[in-house]
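Enquirer: Numbering (this note's numbering), first residue to last: 655 to 1366.
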Ligand code: GLC
C-alpha cells in the first residue's frame, strides 16, 4: 500500500507508515483497506497543496528537531477581534508584541463559527474558512508570512472534539441524508445516554447540563459534552479520522506553526467510564502525529488537556508514546498549584505534586501560564492532597473561597464558575489583576496593597518564565486588565462569566506603559524584562535538567536547573513575610557567598549561613558574579518610639553574619523629626537581619521584632 503514497514522501513513509498502520488498526480493528487508501489520498493531496516555502520551513525544523525547546520563545494568546479588530489590523499590533518580547502568538478561534452563541468561537461551522468578521484565508496567510519573516510563530485552534451543529456534516444529518450519519454519536432514545450519564461528569452544568441533546428534527439524542450546539465527533469511525485529518492538514497548509488541539481528553468514549483520558484518545493523537510528520513535519501539536496531573502528561507521550504524541501541553498543574500556593502562602502541595510527577519526554515541553481565556479548575488530586496531609475536597473548596474573596484576608476578586451541585466545588473566573489583588487595592485605594499585588504578579511570572516550557502571558495581563463586566450586556455571553476576563484590549491603557510610575508601566516592564532575561539565560533552555528542591521552609519554592556546566536556582517566596533559609539546605554548589540574580542582574551577598528573601521575592540565582563593590555606609531607620532618657541600639542578628564574626551592636542617633537611625557599613547587594533594643540606662525597655535590610 505504501507505494500509493507520493514518491516524494516514500522515504519518510517507510519510517512512519507501518507504525501508523499498527496504531490505526488497533483503534479501528474493523477498518477496511479502503479506509487506509482514503487516508493516503488525503496525505497525497495535502502534500501537493503544501507551499514550497512551508516545505522549506519543514526541512529546517527536521534538521533542528528541538527548535521549540529554545528559551527564546515567549508566548501570548489573544482574540483577534478583541485585540485588533481583524487580521489585517493584527499586523499593526506586532510591534507592540515585539516590545513585550512575545514571539509566539496563539490566535484564539478564528474559523467560521456558528451564528449567535458560539462558545468564544469553539463551535466551528467550517474548518476551512476564516471567520469573515476577521478577514479571509488570504489575510491569515499574509499575517503568518509576515510573522515568519520576523521569526515569530503562530498557533491556532483545531477544535477536534466537536463541530457546531451548523457544520455541513451535522446539517446533512438534520436534513435526513445518510452520508455523514456516523459522524456523530446519536441515540434513538434515552437508554444509552442514561447508561453513559451514570459515569459522566458535566463540563458546563450551569448553562449546558447533561451530555446529550434531543434533536427533534431527527428524533435522536446527540452527544454534546459542552454546549447543546457543539456536537461531539465520533472518532470510533475511521471516516471521521480521515475527514478530520483533511481539515487538520488544510490548516497546517495555511502556514500555522502550532495546532492547539482543543479538548483532547474527550475524544474517545467508553461505556462505564467518565469518557475522558481514554488510552484511545492518546492513540488518536499519536496516529495523527505520524501523518503530520509525513506531510507537514514543521507543525507542532499542543494539547489542551486540563485534567489531573498524571493524565495531562500522557498527551505529551509520557507512559508509552514518548516523542510520538504532542510536543507541547498546557501546564495546568503548575498553574493551579501556583494559585493554591499563593493563597495559603505554602508551597508544600505545589512542590510535592511536581516532584512526584513522572518527567515528560525530553522532546516535549509545556506552555506555562497563570491565566488564559478559560476558568481556573482546581486540578488538585485527592491523592496528592492526602500525601501532604490535606483533604482534596476541602483544599479545592478553600481555593475557590479564597479566589472569590470569601476567605478572611483574601486579596482576590474572582467569581465562581460552574458550581458542582454534588459537592459545592467550583472553578474560578477573573482576570489576573483581579485574582492577584491589584483590583482590590485600586478599589480600596491602598497603595501598600498595590505594591504587594505587583510583587505577586512578578512572583508568578518569574516562576513561569523560569520553569521548563514556553511562558505564556495572557493578552492584557501585562497592563493589568481588571475584571470587565461588558459581557453582561450581551445576550450571547451573559451566562458565561469567563467573559469577565476576555475584554477588548484597552489600547489607551496600554499607552500608559510608557509613563513611568504607572501600574501599566511597572507590569509591562516586569514582563518585557523577564522576556529579555529569559532569552539571554541559556540555562533556561528546554533541555536543561530541572529538579524541585524540597526545603524545610514551606514558603519557598526552590528549583534548580542544570545545563551542561551551567546552573541556575529559582527561589520564589510565596509568603507575604520575609523568609530565610540556611545555605546548608541547598546543594553544595549553592554554598557560596555571592550570587547574581539573573532577573535584576544585581549581585546578592550572603556572607553568613542564612539566605534572606523578601515578601513575594523571586530570584533566578547564578554564580556569575562580577566585581564585588566595596562597602559603604548606609543609614537605616529604626521604628522605635522613645521618651526622653531612652536610647536605641541597632543589633545585627547572629545568623546573618559570617561565622566567627561578632554581631554588630551600634548606638543609634536621633535625627530631628525623622527618628532613630543607625549607620551601618554594608556592601551593595548584602542582606542583613537585625533588631533594635531600647534602653534606659542599663535597663532593657523593649526589643523589636526582626527586620531585614538589603543594601542597594
Ligand atoms: C476548550 C476551550 C474552551 C471551550 C471548550 C469547548 O476547553 O478552551 O474555551 O469552551 O474547549 O470547546
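A virtual CB, placed ideally from N, CA and C, is assigned to each residue, including glycine.
Would the region 1321-1338 count as touching the region 1271-1280 if we require 3 or more Cβ pairs under 8 Å?
Expert: no
Enquirer: Consult DSSP for residue 1103 and reduce its assignment to one of helix, strand or coil.
Expert: Locating residue 1103 in the chain shown gives position 449, counting from the first residue. If DSSP states are grouped into helix, strand and coil, residue 1103 belongs with the helices.
Enquirer: In the DSSP output, what is residue 760 paired with across the bridge?
Expert: To locate residue 760, count along the chain shown from 1; it is residue 106. Per DSSP, 731 and 809.
Enquirer: Could you check if residue 952 is buried or exposed, using at least 16 other CB atoms within 10 Å of its CB as the buried criterion?
Expert: As a first step, residue 952 must be located in the chain shown, where it is residue number 298. Looking at its Cβ environment, which holds 16 or more other Cβ atoms inside 10 Å, residue 952 is buried.
Enquirer: Using CA coordinates, which residue listed in 808, 926 and 873 is at the minimum distance from residue 913?
Expert: Locating residue 913 in the chain shown gives position 259, counting from the first residue. Selected option, being the one with the closest Cα: 808.
Enquirer: What is the rounded straight-line gap between the Cα of residue 1176 and the Cα of residue 1136?
Expert: Taking the chain shown and counting its residues from 1, one reaches residue 1176 at position 522. Taking the chain shown and counting its residues from 1, one reaches residue 1136 at position 482. Near 15 Å, if we compare the C-alpha coordinates of residue 1136 and residue 1176.
Enquirer: So, helix, strand or coil for residue 782, using DSSP?
Expert: Start at 1 with the first residue of the chain shown, and residue 782 comes out as number 128. It is a strand residue.
Enquirer: Any heavy atom of the ligand GLC closer than 7 Å to the beta-carbon of residue 1195?
Expert: Counted from its first residue, the chain shown places residue 1195 at position 541. Because no heavy atom of the ligand GLC lies under 7 Å away, the Cβ of residue 1195 does not count as near it: no.
Enquirer: Helix or strand or just coil, what does DSSP make of residue 961?
Expert: Numbered from its first residue, the chain shown carries residue 961 at position 307. Residue 961: coil per DSSP, three-state reduction.
Enquirer: With DSSP run on the structure shown, which of helix, strand or coil describes residue 722?
Expert: Numbered from 1 along the chain shown, position 68 holds the residue referred to as residue 722. Note: residue 722 maps to helix in three-state DSSP.
Enquirer: Once you ignore the five residues that flank residue 1189 on each side, which residues in its own chain have a CB closer than 8 Å to its CB?
Expert: One-based indexing of the chain shown puts residue 1189 at position 535. Excluding positions up to five away in sequence, the list reads 725, 726, 728 and 755.
Enquirer: Shorter than 7 Å, the distance from the beta carbon of residue 813 to the closest heavy atom of the ligand GLC, or not?
Expert: Here the question's residue 813 lines up with position 159 in the chain shown. The answer is yes for residue 813.
Enquirer: Output needed for residue 1083: all residues of its chain with C-beta closer than 7 Å, excluding positions within five of it in sequence on either side, in chain order.
Expert: To locate residue 1083, count along the chain shown from 1; it is residue 429. Here the set comprises 1029, 1068, 1069, 1071, 1151, 1152, 1154 and 1155.
Enquirer: Quick one: give me the first and last residue of the beta strand (DSSP E) that residue 1070 is part of.
Expert: Along the chain shown, read from residue 1 onward, the residue named residue 1070 stands at position 416. Segment 1069-1071, the beta strand (DSSP E) holding residue 1070.
Enquirer: Does DSSP classify residue 1211 as helix, strand or coil?
Expert: Against the chain shown, residue 1211 aligns to sequence position 557. Residue state, collapsed to three classes: strand.
Enquirer: With DSSP as the reference, please indicate the residues paired to residue 981 in a beta bridge.
Expert: Start at 1 with the first residue of the chain shown, and residue 981 comes out as number 327. Partner residues in a beta bridge of residue 981, as assigned by DSSP, do not exist.
Enquirer: Under 7 Å Cβ to Cβ from residue 908, same chain only, skipping five residues before and after it: list those, please.
Expert: For the purposes of this step, residue 908 is taken as the residue at position 254 of the chain shown. If we look at residue 908 and ignore the five residues flanking it on each side, its Cβ neighbours are 791, 794, 795 and 798.
Enquirer: Quick check: residue 837 and residue 918, are their CB atoms within less than 8 Å of each other?
Expert: Against the chain shown, residue 837 aligns to sequence position 183. Against the chain shown, residue 918 aligns to sequence position 264. Cβ atoms of residue 837 and residue 918: not closer than 8 Å.
Enquirer: Straight-line CA distance for residue 811 to residue 1124?
Expert: By 1-based counting over the chain shown, the position of residue 811 is 157. By 1-based counting over the chain shown, the position of residue 1124 is 470. Answer to the nearest angstrom: the Cα atoms are 17 Å apart.
Enquirer: Specify the secondary structure class of residue 876 as computed by DSSP and reduced to three states.
Expert: For the purposes of this step, residue 876 is taken as the residue at position 222 of the chain shown. Here residue 876 sits in strand by DSSP.
Enquirer: Per DSSP, residue 1179 is paired with what?
Expert: Residue 1179 sits at position 525 when you count from the first residue of the chain shown. Note: residue 1179 sits in no beta bridge, so no partner.
Enquirer: Using 7 Å as the cut-off, classify the Cβ of residue 884 as near or not near the heavy atoms of the ligand GLC, replying yes or no.
Expert: Here residue 884 refers to the residue found at position 230 when the chain shown is read from its first residue. Yes - the ligand GLC has a heavy atom lying nearer than 7 Å to the Cβ of residue 884.
Enquirer: Would you check if the region 1257-1266 and the region 1032-1045 touch, i.e. whether three or more CB-CB distances between them fall below 8 Å?
Expert: no
Enquirer: Cα-Cα, which of 1002, 946 and 1014 is closest to residue 964?
Expert: Looking up residue 964 in the chain shown gives position 310. For residue 964, the nearest C-alpha among the options comes from 1014.
Enquirer: Measure the CB-CB distance between residue 1130 and residue 1159 and report whether it falls below 8 Å.
Expert: Numbered from 1 along the chain shown, position 476 holds the residue referred to as residue 1130. Numbered from 1 along the chain shown, position 505 holds the residue referred to as residue 1159. Yes, the Cβ-Cβ distance between residue 1130 and residue 1159 is below 8 Å.
Enquirer: Going by the DSSP bridge assignment, what does residue 1232 pair with across the sheet?
Expert: As a first step, residue 1232 must be located in the chain shown, where it is residue number 578. Bridge partners of residue 1232: none, in fact.
Enquirer: What does a CB cutoff of less than 7 Å around residue 1214 pick up in its chain, not counting 5 residues either side in sequence?
Expert: On the chain shown, residue 1214 is found 560 positions in, with the first residue counted as 1. Hits under 7 Å: 1201, 1203, 1221, 1223 and 1241.
Enquirer: What's the call for residue 1341, buried or exposed, on a 16-neighbour Cβ count within 10 Å?
Expert: In the chain shown, the residue the question calls residue 1341 occupies position 687. Label assigned to residue 1341: buried.
Enquirer: What separation, rounded to the nearest whole angstrom, lies between the Cα atoms of residue 950 and residue 1234?
Expert: Translated into positions along the chain shown, residue 950 becomes position 296. Translated into positions along the chain shown, residue 1234 becomes position 580. When rounded, the distance between both Cα atoms is 51 Å.
Enquirer: Taking all protein chains shown into account, do 16 or more other C-beta atoms lie within 10 angstroms of the C-beta of residue 945, making it buried, or fewer, making it exposed?
Expert: In the chain shown, counting from the first residue as 1, residue 945 sits at position 291. Buried, because 16 or more other Cβ atoms sit within 10 Å of the Cβ of residue 945.
Enquirer: Report the start-end ranges of each alpha helix (DSSP H) in the region 872-935 that is 4 residues or longer and not cut off at the edges.
Expert: 892-906
Enquirer: Which of the three DSSP states is assigned to residue 596 in this structure?
Expert: There is no way to answer for residue 596, as the model of the chain reaches only from 655 to 1366.
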